[in-house]
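First up is the structure itself, then whatever we jot down about it.
Residue numbers (our numbering), protein chains in the order written: chain A, 1 to 710; chain B, 1001 to 1215; chain C, 2001 to 2329.
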């Protein structure tokens, strides 16, 4: 039985080190080709005709003018269910033309008449939602009533976190090109190469084996790019109609309107505790929207297993539908829970770090969280810097500290990997996976090379093609576990096969060989060895080609469940309400780390994305017109390089982590920043700002309520 | 909530959308959309000013030291000409409204948003795109530093950031933290690579001062 | 963007001859930083674009002994920032330009373009008209999403804020804007350059469709303390929520006369004569600056969501005064 287990520090050269991403040079030199960059011979450009209304009946569509326009090759209606558009931006027709601006001219020339219907696009006041408020999800854990009876202090609060967008820099879209009647080439900006073949085959009514999905690079997904979308299907249909390849990429406004958003959550919370800080009971009434379908059910209270009663009401609104946004439901639940607990600490006049540590047993993996909190506190110098709520130093710049904790699953997904060792000594690794920018290619390369005792560049990694063995979509932080486990198994199997072939030449038992430093050698007798090249030459003309799997579910190579904590130090200008991040610390576990460098990058990136939603991001909907007022990057604001302060990442390491196996990391660190920063602001200014993003209007309103505006 | 049910526009008789079948027009007309723009001829003072377009006009762009002849409508931006008419796809179209920096190229050595320049305006300027910075075998120090510090994730903003960094360091190889922040204030990243990018400028600045720059 | 014909005149006379006399028929292209965006968003669909960049006389910064500093309309923000006289003598202008934080924007964006950019009102930018009214003529802004809208000069029908970064400082410095049209040149005090439009078809500046801004002339500010302070949430690529430019004539530590102008708070840059009066005869202190800030927003009226901007405007004035008094750039 082969030993697939992960090598410990003494038996590895690449795994766990800081390795630069292998596609870094390609990206940094501008040579990396994304879907948006592709040009195929004779390619046409597609544009969507979209609804300017949030809810309306489509009365008529007149395509005649558009059809006659220069360069226009086809105009096509898109079936709208019940002829009702349900959000601004919903596509009603599509056009293709020889040049992009001609397609835009034609799209504008398609005349659509609508009959307006009532809409709802704002959910901040649930009383106004009427019958758009859906059946609530309600539950009780433990005995909160008893807890509230025993409570000596009850803290009440209101917290909100708005609908935000993914705002991928590469918009959603595809290039489609038919080969013959029923074979389709699909270049797609997707997080799920393997699944996209079926995703487009079904609506096109062709066998999925007739679809060839390609993707070298993707310009951001964050959960919004699984499988082909309606516009990709329309692109394929237009490609069919015209006999030409079609590029159909969303424009920025569409990207922000309907290509993905994160549901909002508004919550009224009551927490009961003893005066010594023992948390006893939780009650929350929350609601939120993610578009027509309502919204997910954020796990409130988050992590803390407090006896509780919780009720969440999804509100259906006429907005583009939500999609998984990096750690779906967690940032909202985390923000609401940890804000309420920090408010409790303030009422108790307790350091929230002490409150959290006192109650840490309410969390699974309590010891880990305790260790992480203490580490983060040491890095940010919490005990020295923390003060009671409200920085009472003079002047208008107030400093504050805040904290939060988070969790995520992240077990490896199903993945199949094929490794081929060629007689010429070259090695290729193939998976129909994808690299979202998380460093997946590099992780595969590291695992394969280290397992084979080779340097990184001796192995060629191939992903992003549906003809390779099936691998899962990159969601739920499942990729690193999935691909590293399948690659490890394939590499070990391939090596065993190679050992068998070369054992006679080394006059040794195959089981007594090892691959180290580019050599196949006899264990305990390193002088007896063949170079990798010599070893491969023994294959004659037949390569070794091995396919191995990681099955979803429990195994020894991957695991589920990471925990992390974050602390933020902010300054708030109480005359302007402007919040600045001074320092932020993330302490994060992630099991067995394959590449420390890209792992840390995930955490840095998540903190920055978190700072962005904590301070700037919201989709601003106008109730009167039903429209999104900021479908552009000027007013859908993202944090810039000047806005993020000093960041510190500490990865939990050591044998305890290593023995857990590989666990995904892309999502968890994006969960905490909203809560940590919101808590730091409350600590600085002495009052809770009840909603994200922490914009000057909200901060000043909170200060005014407290009566401290200068 | 909007309460109106009044149709914004009356349905046109006989124009039910169901009556329209999807179809290809297969048209091959090549007349410009605007045969005439419908403006009065300019007053005599401008009689000898050439009026170009609205159809395609021939232009020449000097890109990375080489001339490129192309035919574009005056409305085509430099960015779209680089990407669609030529094959310089390093500069990316993201916001398309001069608000994100992903399309940054250099024009006469200065960083500009290619989405905010018309191709026709780019004539007579030296346009430098990211494609010119590296050779097959050697990255520009800025690019090498992006790799070294892992200052890129999805990489879509990276070419714009690389060009902005180059423009900054060409002018000032030893920028202060504040100058770094200001010099890169015109670019945005979504994956969150700023921590690495700050380090890039410091490392690359040193390398460029050391005469290793080839760009 | 709709197709257009394109001309690059080399004289201002030619340029004017190429312009139509109806807004939107023709547009002038300078840096293009805002114009191209408004064209891509179909806020204007000119049939002809007149590129000014080949007109040499619109470029350059020069000192004119009699009138002060002349800044060509095509001077880029970067050129402005690199000019020693601007930095030393007109810190209010320098600091206003510094607030435009993107190097790419500074390299292309021009002084004339900054003055003539269209409002950033998100209703306007989404094609709902300059005044953002529904079909019955009711403002969408008053009961809508108005957190970035006007707190002064907001009795209607316009509620957007003027977006120019430079205009408040130019007004505080008593600059004049030179305009050229079919009837020749004229000079408009910067304070009179902006108007509150009454209809969607009007523009918010006092130009005719066939006129150009050619230069800005600022009288010498030797001995005049001046400064600008902007309140912006993000450090870069963000619009100020409120800004103030001030110029202070001093006699020793005492203000003899003051000019305070607010930006981003009204449909036009908003002079604050109450603050000017208050400051006259005062010695600058934190308290005086604060009270001047309060005086500057006399008459401010919050819409449903923008009351906080009154506080920001007060703060901007206070900080601009203190900065001016410090005399540091």
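Ideal Cβ placement from N, Cα and C applies to all residues, glycine included.
* From residue 1159 (chain B) to residue 181 (chain A), what does the alpha carbon distance come to, in whole angstroms? -> Translated into positions along the second chain, residue 1159 (chain B) becomes position 159. Translated into positions along the first chain, residue 181 (chain A) becomes position 181. Whole-angstrom Cα-Cα distance: 39 Å.
* To do: For residue 468 (chain A), decide whether its Cβ has a neighbour in chain B, counting only Cβ atoms nearer than 8 Å.
  => For the purposes of this step, residue 468 (chain A) is identified with residue 468 of the first chain, where counting begins at 1. No, no contact with chain B.
* Asked: With a CB to CB cut of under 6 Å and the five nearest residues on each side skipped, what residues in its chain are close to residue 379 (chain A)?
  -> Looking up residue 379 (chain A) in the first chain gives position 379. Non-local C-beta neighbours of residue 379 (chain A) in its own chain, meaning closer than 6 Å and more than five positions away in sequence, comprise 585 and 648, ordered along the chain.
* State yes or no: is the beta carbon of residue 2045 (chain C) nearer than 8 Å to at least one beta carbon in chain B? => Counting from 1 along the third chain, the entry for residue 2045 (chain C) is found at position 45. Taking CB atoms only, residue 2045 (chain C) has no neighbour in chain B less than 8 Å away.
* Are the Cβ atoms of residue 2215 (chain C) and residue 2072 (chain C) separated by less than 8 Å? -> To locate residue 2215 (chain C), count along the third chain from 1; it is residue 215. To locate residue 2072 (chain C), count along the third chain from 1; it is residue 72. Yes, Cβ-Cβ distance for residue 2215 (chain C) and residue 2072 (chain C) is below 8 Å.
* Under three-state DSSP, which class holds residue 482 (chain A)? -> Working through the first chain from its first residue, we reach residue 482 (chain A) at position 482. Residue 482 (chain A): helix per DSSP, three-state reduction.
* To do: Please confirm whether residue 1125 (chain B) and residue 1142 (chain B) have their CB atoms less than 8 Å apart.
  => Here residue 1125 (chain B) corresponds to residue number 125 of the second chain, with the count starting at 1. Here residue 1142 (chain B) corresponds to residue number 142 of the second chain, with the count starting at 1. Against a cut-off of 8 Å, the Cβ pair of residue 1142 (chain B) and residue 1125 (chain B) comes out as no contact.
* **Contact with chain A by residue 1052 (chain B), beta-carbon distance below 8 Å** => Position 52 of the second chain holds residue 1052 (chain B). For residue 1052 (chain B), the closest Cβ of chain A is not nearer than 8 Å.
* Neighbour-count burial assignment, residue 41 (chain A), 16 or more Cβ in a 10 Å radius -> On the first chain, residue 41 (chain A) is found 41 positions in, with the first residue counted as 1. When all chains shown are included, residue 41 (chain A) counts as exposed.
* **Cβ-Cβ distance between residue 423 (chain A) and residue 547 (chain A) below 8 Å** => Locating residue 423 (chain A) in the first chain gives position 423, where the first residue counts as 1. Locating residue 547 (chain A) in the first chain gives position 547, where the first residue counts as 1. Between residue 423 (chain A) and residue 547 (chain A), the C-beta gap is not smaller than 8 Å, which leaves the two residues out of contact.
* **chain C contacts from the stretch 612 to 643 of chain A (Cβ-Cβ distance under 9 Å)** => So the close ones are 615, 616, 620, 621, 622, 623, 624, 625, 627, 628, 629, 630, 631, 632, 633, 634, 635, 637, 638, 639, 640, 641, 642 and 643.
* Roughly how many whole angstroms lie between the Cα atoms of residue 2070 (chain C) and residue 2217 (chain C)? -> Counted from its first residue, the third chain places residue 2070 (chain C) at position 70. Counted from its first residue, the third chain places residue 2217 (chain C) at position 217. Between residue 2070 (chain C) and residue 2217 (chain C), the C-alpha separation is close to 4 Å.
* Asked: Between residue 66 (chain A) and residue 58 (chain A), is the Cβ-Cβ spacing less than 8 Å?
  -> On the first chain, residue 66 (chain A) is found 66 positions in, with the first residue counted as 1. On the first chain, residue 58 (chain A) is found 58 positions in, with the first residue counted as 1. Between residue 66 (chain A) and residue 58 (chain A), the gap from beta carbon to beta carbon reaches 8 Å or more.
* To do: Would you tell me roughly how many angstroms separate the C-alpha atoms of residue 1068 (chain B) and residue 1119 (chain B), rounded to the nearest one?
  => The count along the second chain starts at 1 and reaches residue 1068 (chain B) at position 68. The count along the second chain starts at 1 and reaches residue 1119 (chain B) at position 119. Cα to Cα, residue 1068 (chain B) sits roughly 12 Å from residue 1119 (chain B).
* Taking a cut of 9 Å between CB atoms, which residues from the stretch 565 to 576 of chain A lie near chain C? -> For the stretch 565 to 576 of chain A, which is checked against every Cβ of chain C, the residues closer than 9 Å are 573, 575 and 576.
* Whole-angstrom Cβ separation of residue 2180 (chain C) and residue 2016 (chain C), contact assumed at under 8 Å? -> As a working note, residue 2180 (chain C) is residue 180 in the third chain. As a working note, residue 2016 (chain C) is residue 16 in the third chain. Rounded to the nearest angstrom, the Cβ distance from residue 2180 (chain C) to residue 2016 (chain C) is 6 Å, consistent with a contact under 8 Å.
* **Nearest-angstrom Cβ-Cβ length linking residue 16 (chain A) and residue 103 (chain A), presumed shorter than 8 Å** => Within the first chain, numbered from 1, the residue matching residue 16 (chain A) stands at position 16. Within the first chain, numbered from 1, the residue matching residue 103 (chain A) stands at position 103. For residue 16 (chain A) against residue 103 (chain A), the beta-carbon gap comes to about 49 Å, at or over 8 Å, which does not count as contact.
* Drop a sphere of 10 angstroms on the beta-carbon of residue 207 (chain A), count the other beta-carbons inside from all chains shown, and report buried for 16 or more, exposed for fewer. => Locating residue 207 (chain A) in the first chain gives position 207, where the first residue counts as 1. Exposed.
* Beta-carbon of residue 2283 (chain C) versus every beta-carbon of chain A: anything under 8 Å? -> Looking up residue 2283 (chain C) in the third chain gives position 283. Contacts with chain A at 8 Å (Cβ-Cβ) do not include residue 2283 (chain C).
* To do: Take the Cβ of residue 1137 (chain B) as the centre, count every other Cβ of all protein chains shown within 10 Å, and call the residue buried at 16 or more, exposed below.
  => As a working note, residue 1137 (chain B) is residue 137 in the second chain. Exposed: under 16 other Cβ atoms inside 10 Å.
* May I ask you to report which of helix, strand or coil DSSP gives residue 389 (chain A)? => Within the first chain, the letter at position 389 stands for residue 389 (chain A). In this structure, residue 389 (chain A) counts as coil in the three-state DSSP scheme.
* To do: Give me whichever residues DSSP pairs with residue 188 (chain A) in a beta bridge.
  => Here residue 188 (chain A) corresponds to residue number 188 of the first chain, with the count starting at 1. Residue 188 (chain A) pairs with A:174.
* Return the Cβ separation of residue 588 (chain A) and residue 668 (chain A) in integer angstroms, given the expectation that the two are a contact with Cβ distance under 8 Å. => The count along the first chain starts at 1 and reaches residue 588 (chain A) at position 588. The count along the first chain starts at 1 and reaches residue 668 (chain A) at position 668. The Cβ separation is near 7 Å, so the contact holds.
* Asked: Taking 8 Å as the CB-CB limit, is residue 692 (chain A) close to chain B?
  -> For the purposes of this step, residue 692 (chain A) is taken as the residue at position 692 of the first chain. Residue-level contact check: residue 692 (chain A) does not touch chain B, since none of the beta carbons of chain B fall below 8 Å from its beta carbon.
* To do: Step through the CB atoms of chain B and report whether any lies within less than 8 Å of the CB of residue 607 (chain A).
  => Along the first chain, read from residue 1 onward, the residue named residue 607 (chain A) stands at position 607. It does: the Cβ of residue 607 (chain A) has a partner Cβ on chain B nearer than 8 Å.
* Residue closest to residue 651 (chain A), alpha-carbon to alpha-carbon, out of A:253, A:599 and A:64 -> Against the first chain, residue 651 (chain A) aligns to sequence position 651. Of the listed residues, the one whose Cα sits closest to residue 651 (chain A) is A:599.
* To do: Would you decide whether residue 359 (chain A) is buried or exposed? Buried here means 16 or more other CB atoms lie within 10 Å of its CB.
  => To locate residue 359 (chain A), count along the first chain from 1; it is residue 359. With a threshold of 16 other beta carbon atoms within 10 Å, residue 359 (chain A) meets it and is buried.
* According to DSSP, which residues form a beta bridge with residue 417 (chain A)? -> To locate residue 417 (chain A), count along the first chain from 1; it is residue 417. According to DSSP, residue pairing for residue 417 (chain A) in a beta bridge involves A:548.
* To do: Report yes or no: is there a C-beta of chain A within less than 8 Å of the C-beta of residue 1105 (chain B)?
  => Here residue 1105 (chain B) refers to the residue found at position 105 when the second chain is read from its first residue. Judged by the 8 Å Cβ criterion, residue 1105 (chain B) is not in contact with chain A.
* **Under 9 Å by beta carbon: chain C residues contacting residue 1120 (chain B)** => Residue 1120 (chain B) sits at position 120 when you count from the first residue of the second chain. In chain order: 2006, 2008 and 2051.
* Please confirm if residue 1095 (chain B) has its CB atom under 8 Å from at least one CB of chain A. => On the second chain, residue 1095 (chain B) is found 95 positions in, with the first residue counted as 1. Residue 1095 (chain B) counts as touching chain A.
* At which residues does the alpha helix (DSSP H) containing residue 241 (chain A) begin and terminate? -> For the purposes of this step, residue 241 (chain A) is taken as the residue at position 241 of the first chain. Boundaries of the alpha helix (DSSP H) around residue 241 (chain A): 230 to 242.
* Go ahead and label residue 710 (chain A) buried or exposed: buried means 16 or more other beta carbons lie within 10 angstroms of its beta carbon, across all protein chains shown. => As a working note, residue 710 (chain A) is residue 710 in the first chain. For residue 710 (chain A), the predicted model reports a pLDDT of 47, less than 50, meaning its position is unreliable; a value from the coordinates is still stated below. Classification of residue 710 (chain A): exposed, given that the 10 Å Cβ count is below 16.
* Taking buried to mean at least 16 other C-beta atoms within 10 Å of its own C-beta, is residue 1205 (chain B) buried or exposed? -> For this step, residue 1205 (chain B) is matched to residue 205 along the second chain. Looking at its Cβ environment, which holds 16 or more other Cβ atoms inside 10 Å, residue 1205 (chain B) is buried.
* To do: Spell out whether any CB of chain A is found under 8 Å from the CB atom of residue 1159 (chain B).
  => Here residue 1159 (chain B) is taken as the residue at index 159 of the second chain, counted from 1. Nearest CB-CB separation between residue 1159 (chain B) and chain A: below the 8 Å threshold.
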